[in-house]
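Engineer:
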Amino acid sequence: MLIWNVFEISLPLTNPVIKFLLILAIILFAPIVLNKIKIPPLLGLIIAGAIIGPHGFNLMERDSSIILSGTAGLLYIMFLAGLEIDLADFKKNSSKSFVFGMYTFLVPMGLGILAGRWVLELSWASTILLASMFASHTLIAYPLISKLGVAKNRAVNITVGGTMITDTLALLVLAIIVGMTTGEVNTEFWIRLSISILLFGLIVIVLFPLIGRWFFKRFDDSVSQYIFVLMMVFLGAVLAELAGIEAIIGAFLAGLTLNRLIPHTSPLMNRIEFVGNAIFIPFFLIGVGMLIDYSVFFKDWETIKVGAVMIVVATLAKFIAAWLTQKTYKLSVDERSIIFGLSNAQAAATLAAVLVGYSIVIGETPTGEPIRLLGENILNGTILMILFTCTIASFVAQRGAKNIALAEAYGTLDNEYLLEEKILIPINNIENTDELVNLGVIIKSSKNKDGLYALNIIYNQYNDGSADKIANKILTRATVTASATDTILHGLLRYDLNIVNGIISVVKERKITDLILGLHESKGISDSFLGQLSEGILSKCDTTTLIYKSVQPLATIKRHVVIVPSRAEKEIGFPYWLVKLWNIAKNSGAKLSFYATEETLKFIKDIHLKYPIEAQFTECDNWLEFLKLSQEFHKDDNIIVVLSRKNNPSYQNSMVEIPKYLNERFKQNSFIIIYPLQERETDRNGIDLTDATIKQPLEKLDEIGKAIAKIFRQ
23 MLIWNVFEIS LPLTNPVIKF LLILAIILFA PIVLNKIKIP PLLGLIIAGA IIGPHGFNLM
83 ERDSSIILSG TAGLLYIMFL AGLEIDLADF KKNSSKSFVF GMYTFLVPMG LGILAGRWVL
143 ELSWASTILL ASMFASHTLI AYPLISKLGV AKNRAVNITV GGTMITDTLA LLVLAIIVGM
203 TTGEVNTEFW IRLSISILLF GLIVIVLFPL IGRWFFKRFD DSVSQYIFVL MMVFLGAVLA
263 ELAGIEAIIG AFLAGLTLNR LIPHTSPLMN RIEFVGNAIF IPFFLIGVGM LIDYSVFFKD
323 WETIKVGAVM IVVATLAKFI AAWLTQKTYK LSVDERSIIF GLSNAQAAAT LAAVLVGYSI
383 VIGETPTGEP IRLLGENILN GTILMILFTC TIASFVAQRG AKNIALAEAY GTLDNEYLLE
443 EKILIPINNI ENTDELVNLG VIIKSSKNKD GLYALNIIYN QYNDGSADKI ANKILTRATV
503 TASATDTILH GLLRYDLNIV NGIISVVKER KITDLILGLH ESKGISDSFL GQLSEGILSK
563 CDTTTLIYKS VQPLATIKRH VVIVPSRAEK EIGFPYWLVK LWNIAKNSGA KLSFYATEET
623 LKFIKDIHLK YPIEAQFTEC DNWLEFLKLS QEFHKDDNII VVLSRKNNPS YQNSMVEIPK
683 YLNERFKQNS FIIIYPLQER ETDRNGIDLT DATIKQPLEK LDEIGKAIAK IFRQ
């Protein structure tokens with residue numbers, strides 16, 4: 023009898039275990055089932071929410087637990103949009119975002135005022151509030167676009183930036199209309215609102231990065247880092263609400279300010295995306311679905327008329343804004359589809375506005391019925407608008423994103439000059455294992471899914487089993503660190519006479535293209551290490567070699583200072599190490615600051631024009647001048663010095679002194695020393711590297727640009 027009472031079922035469900043089980047089943051099976059009939063997964067979750075909600079089969083109420091989880095999901099979407107955005111492109115497209123933000127605010131406001139005043143015959147206050155509902159939108163389709171791998175497309179950046187502008191303006195209109203209705207709009211109101219928004223912006227933009235960098239430097243526990251990030255999201259949201267604007271603006275700004283501290287290839291980023299896509303965002307979509315009341319289709323003609331007008335105005339206005347943006351900046355049709363798909367969905371801000379308008383009573387009818395700022399027909403019409411716009415947005419955004427993803431994929435099919443990238447990381451100290459693996463993950467090509475190796479070498483003369491246990495523990499740690507970023511890392515255990523022989527043998531056996539050697543934080547580059555390096559590894563390995571000393575986590579680096587010798591562009595390995603630096607910038611968001619000769623900078627700037635990242639270029643004619651610039655370097659800078667092997671074009675005798683200078687003058691900085699790939703007759707795939715399109719690029723700018731472009735497509 024007790025068991026029966028526990029599982030007694032009544033509708034709506036009240037047992038929290040059964041409710042949570044039902045939601046998990048929906049999250050799992052709704053996308054699977056609806057995918058078979060080509061319905062986007064996010065739309066499937068909205069439909070499922072409508073079916074189980076109070077207006078469907080009434081299996082569940084939209085109670086406080088659903089609202090709480092849904093609110094977290096909405097904030098998560100905005101936070102991810104700020105976190106995943108390419109800051110270099112965001113800055114580059116900031117003017118475009120502003121223009122689109124004004125298009126997508128002014129066009130819906132204009133059409134909304136016409137429709138509200140002369141079609142629906144509303145009062146001026148109700149008309150303006152209704153028009154502001156059309157102007158705002160929710161990035162419901164963002165998770166879908168992110169999953170398809172086009173979140174860094176310029177159209178996405180433009181739309182995300184424009185969303186912040188139009189939602190802020192729309193919610194300000196809401197605050198002003200409510201204030202006017204209640205008689206609170208005066209000089210004090212404007213002063214208070216302006217000061218609070220200014221303080222909010224300063225706190226989030228200035229203090230959040232400082233707090234984040236401080237925390238990540240001192241705490242590396244994965245759970246603590248994730249909880250800290252989640253706390254910052256909600257702190258930003260709370261501060262936004264205290265400032266008198268919507269919480270989603272605070273979540274988005276929190277994502278922007280933490281963007282540089284959470285590399286896109288890091289374990290923390292993987293956890294943030296996983297939890298959001300698995301739990302928080304589906305809860306939000308299901309909660310949106312629960313709002314949908316299909317019975318409004320059959321209530322009365324007035325509700326259908328209002329709903330139809332709202333759907334047409336909202337969709338047409340957002341399409342016109344997207345079309346104007348496309349024509350203004352000569353975007354493709356697929357980019358227009360992404361802009362329209364992301365901006366057409368009405369949900370969070372729209373719902374907030376209509377509920378506020380519905381709750382404000384501005385008078386009474388002769389019979390005593392309340393006259394609301396936004397009546398019941400507008401409320402029901404809004405529910406219809408949410409359903410239709412979310413459906414249209416899902417299909418349009420998915421189509422545009424798929425076409426762009428396919429076009430980018432076809433653009434990478436030219437394998438004429440692509441090396442099969444394989445990165446080897448020799449490790450023998452568990453303390454710096456994580457940072458070495460993180461560097462390997464951050465420099466690798468996005469197409470490299472199975473080419474990361476960790477190597478531990480045991481001396482042949484060791485007979486006890488403790489060496490094996492320690493080695494396997496270190497390799498396991500490396501594998502776990504890589505797996506946290508969804509990267510496959512192969513652990514290699516080798517017995518050899520010495521470390522150098524072991525590394526060289528594995529490089530040849532595995533056809534390694536890049537080698538990462540690590541130094542302990544508390545140690546410098548010793549004479550014995552340099553001897554082994556120059557006489558052993560560098561003389562017998564022609565791979566791109568990176569020597570890394572980590573003083574602080576890569577994610578907390580503000581700037582990478584790159585010192586490049588003259589004639590570096592004449593080295594056969596020039597494009598290959600440059601690609602690694604570009605990957606660091608793209609995946610971490612940190613600035614690259616190049617110091618090189620005018621001729622060398624000419625090549626790097628040409629690549630920068632085609633593949634923009636946040637970078638700075640300083641002409642430096644004397645190789646050792648950078649020592650004079652040491653006063654300009656800061657604690658959070660990472661020093662990257664490009665050297666060369668003997669008898670290569672950029673080699674200089676003074677290079678042997680560089681490690682000593684780094685030990686003496688940059689003890690507080692992380693640094694990377696790079697030895698470029700040296701010339702050989704054929705590469706690992708049998709491609710002749712002496713071909714004019716690779717070797718002669720060292721003579722002609724346009725040809726080296728083509729060669730590097732092919733590598734960047736990896």
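Here my numbering is used: the first residue of the sequence shown is 23, the next is one more, and so on. Ideal Cβ positions, reconstructed from N, Cα and C, are used throughout, including at glycine. Remember, it's a predicted structure, so these values are computed and weren't measured experimentally.
For the structure I just gave you, are there three or more beta carbon pairs, one from the region 169-189 and one from the region 356-368, closer than 8 Å?
Structural biologist: The region 169-189 vs the region 356-368: in contact.
Engineer: For S692, name the three-state secondary structure that DSSP assigns.
Structural biologist: For the purposes of this step, residue 692 is identified with residue 670 of the sequence shown, where counting begins at 1. Residue state, collapsed to three classes: strand.
Engineer: Since F122 and A157 should fall inside the 8 Å C-beta cutoff, what is the C-beta to C-beta distance between them, to a whole number of angstroms?
Structural biologist: Taking the first residue of the sequence shown as 1, we reach residue 122 at position 100. Taking the first residue of the sequence shown as 1, we reach residue 157 at position 135. So it is not a contact: roughly 12 Å between Cβ atoms.
Engineer: Assuming S615 is part of the beta strand (DSSP E), what are its boundary residues?
Structural biologist: Looking up residue 615 in the sequence shown gives position 593. That run of the beta strand (DSSP E) goes K613 to A618.
Engineer: For P63, is the classification buried or exposed, using 16 other Cβ atoms within 10 angstroms of its Cβ as the cut-off for buried?
Structural biologist: As a working mapping, residue 63 is identified with position 41 in the sequence shown. Buried is the call here.
Engineer: If we count the other Cβ atoms within 10 Å of its Cβ and call it buried at 16 or more, is K58 buried or exposed?
Structural biologist: In the sequence shown, counting from the first residue as 1, residue 58 sits at position 36. So K58 counts as exposed.
Engineer: Under the rule that 16 or more other beta-carbon atoms within 10 Å means buried, what is T226, buried or exposed?
Structural biologist: Residue 226 sits at position 204 when you count from the first residue of the sequence shown. Residue identity differs from the one stated: residue 226 is Val in this sequence, not Thr. Result: buried.
Engineer: Taking 6 Å as the limit between beta carbons, can you name the residues of its chain near R516, skipping five residues before and five after?
Structural biologist: Within the sequence shown, residue 516 is the residue found at index 494, counting from 1. Cβ within range, chain order: I479 and G524.
Engineer: Spell out the partners DSSP gives I629 in its beta bridges.
Structural biologist: Stepping through the sequence shown from its first residue, residue 629 is reached at position 607. Beta-bridge pairing links I629 to no other residue.
Engineer: What number of angstroms, rounded off, separates the C-alpha of F256 from the C-alpha of A273?
Structural biologist: If you number the sequence shown from 1, residue 256 lands on position 234. If you number the sequence shown from 1, residue 273 lands on position 251. Taking the straight line from one Cα to the other gives about 7 Å.
Engineer: Please confirm if the region 604-620 is in contact with the region 276-295, defined as three or more CB-CB distances below 8 Å between the two stretches.
Structural biologist: A contact exists between the region 604-620 and the region 276-295.
Engineer: Consult DSSP for G540 and reduce its assignment to one of helix, strand or coil.
Structural biologist: Translated into positions along the sequence shown, residue 540 becomes position 518. Strand, per DSSP.
Engineer: Starting from P34, trace the beta strand (DSSP E) both ways and give me its first and last residue.
Structural biologist: The residue labelled residue 34 in the question sits at position 12 within the sequence shown. Segment: none, P34 is in no beta strand (DSSP E) and carries neither H nor E.
Engineer: Let me know if N366 comes out buried or exposed under the rule of 16 or more other beta-carbons within 10 Å of its beta-carbon.
Structural biologist: Translated into the one-based positions of the sequence shown, residue 366 becomes position 344. Burial call: buried.
Engineer: From S91 to V463, what does the alpha carbon distance come to, in whole angstroms?
Structural biologist: As a position in the sequence shown, residue 91 is number 69, starting the count at 1. As a position in the sequence shown, residue 463 is number 441, starting the count at 1. Approximately 33 Å between the Cα atoms of the pair.
Engineer: Buried or exposed: which applies to P698, given that a residue is buried once 16 or more other Cβ atoms fall within 10 Å of its Cβ?
Structural biologist: Locating residue 698 in the sequence shown gives position 676, counting from the first residue. Buried.
Engineer: Measuring alpha carbon to alpha carbon, tell me which of S488, A504, Q420 and I414 ends up nearest L458.
Structural biologist: Within the sequence shown, numbered from 1, the residue matching residue 458 stands at position 436. Closest option to L458, Cα to Cα, is A504.
Engineer: Alpha carbons only, please: which of S317, L264, I270 and L193 is nearest the one belonging to I73?
Structural biologist: Numbered from its first residue, the sequence shown carries residue 73 at position 51. Nearest of S317, L264, I270 and L193 to I73, Cα basis: S317.
Engineer: According to the neighbour-count rule (16 or more other Cβ atoms, all chains shown, within 10 Å of its Cβ), is M202 buried or exposed?
Structural biologist: If you number the sequence shown from 1, residue 202 lands on position 180. Exposed is the call here.
Engineer: How is the alpha helix (DSSP H) around F51 delimited, first residue to last?
Structural biologist: Counted from its first residue, the sequence shown places residue 51 at position 29. Counting along the chain, the alpha helix (DSSP H) containing F51 begins and ends at P38 to N57.
Engineer: If you draw a straight line from the alpha carbon of F79 to that of T413, how long is it in whole angstroms?
Structural biologist: As a first step, residue 79 is located in the sequence shown; it is residue number 57 there, counting from the start. As a first step, residue 413 is located in the sequence shown; it is residue number 391 there, counting from the start. Rounded to the nearest angstrom, the two C-alpha atoms are 21 Å apart.
Engineer: Could you spell out the range, first to last residue, of the beta strand (DSSP E) harbouring F639?
Structural biologist: Residue mapping note: residue 639 aligns to position 617 of the sequence shown, counting from 1. Where F639 is concerned, the enclosing beta strand (DSSP E) stretches over A637 to E641.
Engineer: Taking A163 as the reference, give the member of L215, K444, E143 and M100 with the closest Cα.
Structural biologist: The count along the sequence shown starts at 1 and reaches residue 163 at position 141. When only C-alpha atoms are compared, the closest one is M100.
Engineer: Return helix, strand or coil for V245, following the three-state DSSP convention.
Structural biologist: Looking up residue 245 in the sequence shown gives position 223. If DSSP states are grouped into helix, strand and coil, V245 belongs with the helices.
Engineer: Can you tell me which residues form a DSSP beta bridge with D518?
Structural biologist: Taking the sequence shown and counting its residues from 1, one reaches residue 518 at position 496. According to DSSP, which records beta bridges pairwise, D518 is partnered with Y481.
Engineer: Under 8 Å: do the region 295-307 and the region 589-600 share three or more Cβ pairs, one atom per stretch?
Structural biologist: No contact exists between the region 295-307 and the region 589-600.
Engineer: On the premise that E641 lies in contact with T535, defined as a C-beta separation below 8 Å, what is that separation, rounded to the nearest angstrom?
Structural biologist: Translated into positions along the sequence shown, residue 535 becomes position 513. Translated into positions along the sequence shown, residue 641 becomes position 619. With a Cβ gap of about 31 Å, T535 and E641 do not count as contacting.
Engineer: Can you tell me whether DSSP reads Y598 as helix, strand or coil?
Structural biologist: For the purposes of this step, residue 598 is identified with residue 576 of the sequence shown, where counting begins at 1. Of the three classes helix, strand and coil, the one that applies to Y598 here is helix, per DSSP.
Engineer: DSSP three-state label for L511, please.
Structural biologist: Along the sequence shown, one-based indexing puts residue 511 at 489. If DSSP states are grouped into helix, strand and coil, L511 belongs with the strands.
Engineer: Please report the distance separating the alpha-carbon of F42 from that of V573.
Structural biologist: Sequence index remark: in the sequence shown, residue 42 carries index 20 (1-based). Sequence index remark: in the sequence shown, residue 573 carries index 551 (1-based). Each residue's Cα considered, the two are about 45 Å apart.
Engineer: With a 10 Å radius around its C-beta and 16 neighbouring C-beta atoms as the bar for buried, classify T36 as buried or exposed.
Structural biologist: On the sequence shown, position 14 is the one that residue 36 refers to. Exposed.
Engineer: Evaluate D564 with the Cβ neighbour count: other Cβ atoms within 10 Å of its Cβ, from every protein chain shown; 16 or more gives buried, anything less gives exposed.
Structural biologist: Within the sequence shown, residue 564 is the residue found at index 542, counting from 1. With 16 or more Cβ atoms within 10 Å of its Cβ, D564 is classed as buried.
Engineer: Within the continuous beta strand (DSSP E) that includes E386, where are the two ends?
Structural biologist: Taking the sequence shown and counting its residues from 1, one reaches residue 386 at position 364. Run containing E386: V383 to E386, per the beta strand (DSSP E) assignment.
Engineer: Looking at the strands, I want to know which residues DSSP matches up with K571.
Structural biologist: Your numbering for residue 571 matches position 549 in the sequence shown. K571 pairs with L541 and F693.
Engineer: CA-CA distance, I88 and F341?
Structural biologist: Sequence index remark: in the sequence shown, residue 88 carries index 66 (1-based). Sequence index remark: in the sequence shown, residue 341 carries index 319 (1-based). Rounded to whole angstroms, I88 to F341 spans 32 Å at the Cα level.
Engineer: Quick check: the Cα distance between G540 and K571, rounded to an integer number of angstroms?
Structural biologist: For the purposes of this step, residue 540 is taken as the residue at position 518 of the sequence shown. For the purposes of this step, residue 571 is taken as the residue at position 549 of the sequence shown. Taking the straight line joining both Cα atoms gives about 6 Å.
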